[in-house]
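Number of protein chains: 2
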Amino acid sequence: MGSLDTNPAAYAAFAADVEGFQPLNADDVRSYLHKAVDFVYDYYKSVESLPVLPGVEPGYLLRLLQSAPPSSSAPFDIAMKELREAVVPGMTHWASPNFFAFFPATNSAAAIAGELIASAMNTVGFTWQAAPAATELEVLALDWLAQLLRLPASFMNRTAGGRGTGGGVILGTTSEAMLVTLVAARDAALRRSGSNGVAGITRLTVYAADQTHSTFFKACRLAGFDPANIRSIPTGAETYYGLDPARLLEAMQADADAGLVPTYVCATVGTTSSNAVDPVGAVADVAARFNAWVHVDAAYAGSACICPEFRHHLDGVERVDSISMSPHKWLMTCLDCTCLYVRDTHRLTGSLETNPEYLKNHASDSGEVTDLKDMQVGVGRRFRGLKLWMVMRTYGAGKLQEHIRSDVAMAKTFEDLVRGDDRFEVVVPRNFALVCFRIRPRKSSIIAGEAEAERANRELMERLNKTGKAYVAHTVVGGRFVLRFAVGSSLQEERHVRSAWELIKKTTTEIVAGEDHK
Amino acid sequence: MGSLDTNPAAYAAFAADVEGFQPLNADDVRSYLHKAVDFVYDYYKSVESLPVLPGVEPGYLLRLLQSAPPSSSAPFDIAMKELREAVVPGMTHWASPNFFAFFPATNSAAAIAGELIASAMNTVGFTWQAAPAATELEVLALDWLAQLLRLPASFMNRTAGGRGTGGGVILGTTSEAMLVTLVAARDAALRRSGSNGVAGITRLTVYAADQTHSTFFKACRLAGFDPANIRSIPTGAETYYGLDPARLLEAMQADADAGLVPTYVCATVGTTSSNAVDPVGAVADVAARFNAWVHVDAAYAGSACICPEFRHHLDGVERVDSISMSPHKWLMTCLDCTCLYVRDTHRLTGSLETNPEYLKNHASDSGEVTDLKDMQVGVGRRFRGLKLWMVMRTYGAGKLQEHIRSDVAMAKTFEDLVRGDDRFEVVVPRNFALVCFRIRPRKSSIIAGEAEAERANRELMERLNKTGKAYVAHTVVGGRFVLRFAVGSSLQEERHVRSAWELIKKTTTEIVAGEDHK
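Protein chains in written order, with my numbering: chain U, 1 to 518; chain P, 1 to 518.
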């Protein structure tokens with residue numbers, strides 16, 4: 001029994017008791033949703049003043065709320081009260097304009113409204129027939145986004161000439177996009193290497209830069225690749241931590257010479273750690289020599305490529321096999337929304353298709369429709385396309401580009417501020433809206449070496465985060481501990497960036513003064 | 001350019017243009033959401049009168065909406081107008097009370113409101129630190145549900161004695177639950193069979209009844225199991241299509257004798273095809289002889305086990321390794337929500353854990369918290385626990401049980417109606433709220449044999465579905481084509497079930513008369 005346990009008897013009687021239990025009574029739905037909308041409105045109005053990172057200890061919520069499920073019903077107000085009093089104080093506020101950690105989870109009015117409607121319609125679009133409009137709107141939204149990204153027609157579901165050979169699907173995470181393409185590439189490599197069943201899997205090799213998200217290495221293991229065959233190609237400052245095609249070629253050639261089968265290369269446009277960019281076209285050219293699948297992970301930075309000035313980061317994409325990017329990161333579409341495009345849909349569905357009797361129907365049999373279950377891990381799926389379509393329909397290319405550019409401009413402002421203070425350094429060139437910086441070691445200073453710099457920067461991060469006025473995360477680049485300042489939370493304005501900078505300067509001064517007295 | 005293309009100039013100017021683009025302006029959010037709530041209210045009030053299965057042709061929506069993304073912004077009303085006029089007419093209405101296909105996607109006011117708030121907060125809870133309250137509320141909701149299901153404490157995150165060794169996670173689909181447990185079982189089997197890397201994978205075998213959902217066989221392939229080692233154990237009418245433990249033992253023993261490594265058994269409680277129930281305890285006993293992982297897929301029927309009268313279907317669950325069930329099917333929680341419980345969390349995280357520098361934090365290092373990313377395929381994750389917690393908090397065990405019982409009672413009513421008309425037969429015993437029935441072949445009738453029965457039942461299904469007044473799906477059980485009548489859509493009342501039955505009778509009479517004239 002938690003300390004916030006509320007006595008239902010003190011509240012109005014449960015509304016829907018009169019004619020039996022009606023969980024989806026339209027009046028109740030409207031009433032609950034109006035309460036939820038009021039909460040959301042208040043939340044956005046007040047989130048700026050809430051500590052971004054809460055000062056709670058593990059297990060705090062379990063001590064506040066009752067540990068056993070209630071046996072009787074309670075007015076919805078009780079859940080809302082416990083949400084306000086127990087849950088909100090323990091949230092890390094990703095929606096706060098003072099959130100600069102990880103990558104922002106950008107969002108918009110149109111996306112939230114779209115997701116609400118999808119939740120209420122609650123369709124399960126495993127096949128076209130099970131939800132024709134949901135399937136087609138997802139296909140349309142993906143094709144729209146492909147056009148904004150200027151992807152080649154080979155990645156589109158519909159081209160001027162009718163149904164294309166490529167296509168897309170909306171998944172929950174980049175990891176899933178990696179996993180399903182890894183499996184398709186694995187199966188193709190097994191077939192072409194004449195494997196008896198999966199026996200040849202021990203000979204298949206995969207490649208990615210050492211800056212690639214750790215989830216890639218996990219996805220490889222999920223798909224059954226041998227951990228010993230997962231090549232992490234070292235990167236360095238000379239390529240700004242992007243994948244060096246010469247090193248990739250060397251690794252792939254060495255494996256091929258050893259009788260192994262180079263199967264899959266993952267190139268990243270905008271790494272999580274420091275926003276490094278692997279050269280897509282050059283990677284594709286290397287991989288083509290070995291008939292290996294190339295996937296581009298543009299989870300974060302893909303969104304920027306809707307602006308002509310950033311599109312060059314995707315140059316060569318017409319020669320890769322698949323690309324994924326996540327509008328839930330930087331295209332104002334709430335979680336979850338990862339768009340996967342493949343150049344040859346059949347290579348994916350060949351590995352993922354199922355055809356149980358209970359899902360058979362004329363439309364699927366006709367071959368004229370896309371059954372999206374055959375491009376993902378699971379069977380069931382929400383009405384995933386609605387919110388993404390609503391975002392593009394409402395804001396249009398112009399506002400979406402404005403949003404990207406505004407974030408980049410704010411990041412540039414922050415970068416200039418950092419560069420203007422010689423206690424700090426920007427560690428790698430800023431490509432998008434992420435600034436990797438640190439208090440730099442200086443011989444003349446008390447922060448004389450790398451060890452002292454790491455200690456000072458850790459201290460800076462921890463002090464900042466404890467204030468509740470900013471949340472900044474870290475990474476290690478080239479052996480150096482650096483702070484990641486990611487701009488773009490959807491409520492963020494330039495004043496928040498400037499305030500955070502003031503806080504960083506002030507805290508750094510305190511740290512340096514503290515060091516002086518040691 | 002689609003036929004429904006709307007001219008933005010005819011609408012009010014875009015609201016947030018005054019001070020730069022504010023995608024999450026609180027006033028806009030409220031305004032958009034109020035429009036969405038009005039839509040949802042109208043939708044629930046009118047969905048009964050909409051054709052359940054739309055009469056649209058593949059590509060219909062692509063012809064209605066513009067094929068290129070808009071370059072400029074448009075008032076949200078335009079997206080809403082196109083939703084109403086182009087999307088809704090092409091939806092299969094899972095929320096319709098006349099929906100009897102597949103399994104219902106049940107829903108409730110509390111769930112939708114919870115999901116709305118989760119979309120607005122838009123946290124990404126990969127680690128505890130990234131969203132402490134979201135992680136802890138998910139853990140709490142899972143423990144509450146475990147108590148409702150009377151799962152043993154070994155599956156709970158928190159027990160009376162503190163943190164347990166087991167625990168749960170909310171995933172998107174049953175397929176993901178199968179995949180992650182298959183991978184954990186695979187890795188354990190590789191280790192104990194002394195495999196060099198994944199070389200031993202060719203010796204690992206997995207087992208499930210032939211009635212198991214096709215996604216299981218897909219998940220096995222995703223995890224790299226050899227298709228030749230996936231055993232589909234035949235079932236028959238003598239066990240009502242449930243798995244026969246003797247046959248399972250025979251298959252596992254034969255494999256073990258052949259030097260293979262029995263690795264994983266999937267038992268289903270409530271199969272998709274006909275709601276067959278595999279005997280959980282007996283399956284666990286057989287698997288234990290081989291040290292194989294046992295997973296229980298109770299996606300649909302697990303929800304019924306919150307009622308004491310259905311709980312016996314889980315007898316023996318204390319001896320299995322994992323169980324998954326999906327509140328998005330039958331516990332009034334909108335998609336997606338699949339709860340996976342494992343008895344030993346470390347067996348799962350051992351295969352799924354990642355620890356990149358940019359996610360490191362004190363809480364994770366302390367070992368005192370659950371980082372839910374290590375129990376799923378992906379890294380990012382929504383605030384998944386909120387809606388499930390709100391459903392239990394608001395309705396309580398009593399209303400949830402009432403909801404299950406009411407659905408089962410309606411299914412019983414339908415079953416009785418079918419049994420009362422000798423043109424029909426109930427093909428397998430009804431276990432939950434699914435009735436599998438058909439027009440039966442009778443020597444004295446024009447539907448004299450199995451071939452004629454299949455033709456007549458297909459005809460019945462197609463005619464029913466074309467009316468728009470009911471949507472019924474089919475399966476094949478024991479070689480017979482049967483109709484699946486799944487009761488429980490959240491707006492459904494007994495009158496809808498009775499109307500559907502009247503329609504079935506009338507249509508059958510027409511078919512039989514038609515056959516007479518052939």
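Note that the Cβ used here is the ideal one computed from N, Cα and C, for glycine as well.
Pairwise C-beta distances place the region 314-332 of chain U in contact with the region 392-403 of chain U, as three or more of them are shorter than 8 angstroms. Along the region 270-352 of chain U, the alpha helix (DSSP H) occurs as fully enclosed runs of 4 or more residues at 280-288, 327-330 and 345-352, listed in sequence order. A straight line joining the alpha-carbon of D297 of chain U with that of H312 of chain U spans about 15 angstroms.
When the five nearest sequence neighbours on each side are left out, the beta carbons in the same chain lying within less than 8 angstroms of the beta carbon of T174 of chain U are those of H213, T215, D297, A299, S324, S326 and T338, in order along the chain.
By the neighbour-count criterion, in which a residue is buried when 16 or more other Cβ atoms sit within 10 angstroms of its Cβ, G488 of chain P is buried. Among the CB atoms of chain U, none fall inside 8 angstroms of the CB of Q211 of chain P. Against chain P, the CB of N122 of chain U has a partner CB under 8 angstroms away; the residue lies at that interface.
Here R423 of chain P really is in contact with I439 of chain P; their C-beta atoms are around 6 angstroms apart, less than 8 angstroms.
Here the alpha carbons of P227 of chain U and V139 of chain P stand approximately 31 angstroms from one another. For I230 of chain U and S195 of chain U, the gap between their C-alpha atoms comes out near 19 angstroms. Membership of V87 of chain P in any beta strand (DSSP E) is not indicated, and neither H nor E is assigned to it by DSSP. Per DSSP, the unbroken alpha helix (DSSP H) holding S31 of chain P starts and ends at A26 to S46. DSSP, read as helix, strand or coil, puts R484 of chain U in strand.
In the displayed model, T263 of chain U falls within a strand according to three-state DSSP. Boundaries of the alpha helix (DSSP H) harbouring T181 of chain P: T174 to R192, taken from the DSSP string. Beta-bridge annotation (DSSP): V391 of chain P is not paired with any residue.
Taken through DSSP and simplified to helix, strand or coil, V139 of chain U comes out as helix. When CB distances to chain U are screened at a threshold of 9 angstroms, the residues of the region 20-32 of chain P falling below it are G20, F21, Q22, P23, L24, N25, A26, D27, D28, V29, R30, S31 and Y32, in chain order. Listed along chain U are I201, T202, G224 and D226, each with a C-beta nearer than 7 angstroms to that of V198 of chain P.
Here T202 of chain U has D226 as same chain residues with Cβ atoms under 6 angstroms from its own Cβ, once five neighbours each way along the sequence are excluded.
Close to chain U, meaning a Cβ-Cβ distance shorter than 9 angstroms, are the following residues of the region 325-354 of chain P: S326, H328, K329, M332, C334, L335, D336, T338, S351, L352, E353 and T354. Secondary structure note for G166 of chain U: it is in no beta strand (DSSP E), with a DSSP letter that is neither H nor E.
Only buried fits P54 of chain P, as 16 or more other CB atoms lie within 10 angstroms of its CB. Judged by their CB atoms, Y358 of chain P and A473 of chain U are nearer to each other than the 8 angstroms cut-off. The beta carbons of V47 of chain U and L491 of chain U sit about 7 angstroms from each other, so the pair counts as a contact at 8 angstroms.
Contact between A288 of chain P and G242 of chain P does not hold, since the beta-carbon distance rounds to 19 angstroms and is not under 8 angstroms. Remark: fewer than three beta-carbon pairs, one from each stretch, lie closer than 8 angstroms, so the region 172-190 of chain U and the region 240-259 of chain U are not flagged as touching.
The shortest C-alpha to C-alpha distance from P23 of chain U to any of U:S73, U:G59 and U:D42 is the one to U:S73. If you check the CB distance, V476 of chain P and V427 of chain P do not come in under 8 angstroms. For P69 of chain U, the chain P residues whose C-beta falls within less than 7 angstroms of its own C-beta are W144, Q147, L148, M392 and A397, listed in chain order. Straight through space, the alpha carbons of A301 of chain U and L142 of chain U are spaced by roughly 17 angstroms. With respect to the 8 angstroms criterion, M392 of chain U and G114 of chain U are not classified as neighbours on the basis of their beta carbons. For H93 of chain U, the three-state secondary structure derived from DSSP is coil.
Only buried fits S364 of chain P, as 16 or more other CB atoms lie within 10 angstroms of its CB. Where S232 of chain P is concerned, there is no enclosing alpha helix (DSSP H), although the beta strand (DSSP E) around it starts and stops at I230 to I233. At a cut-off of 8 angstroms between beta-carbon atoms, V269 of chain P makes no contact with chain U.
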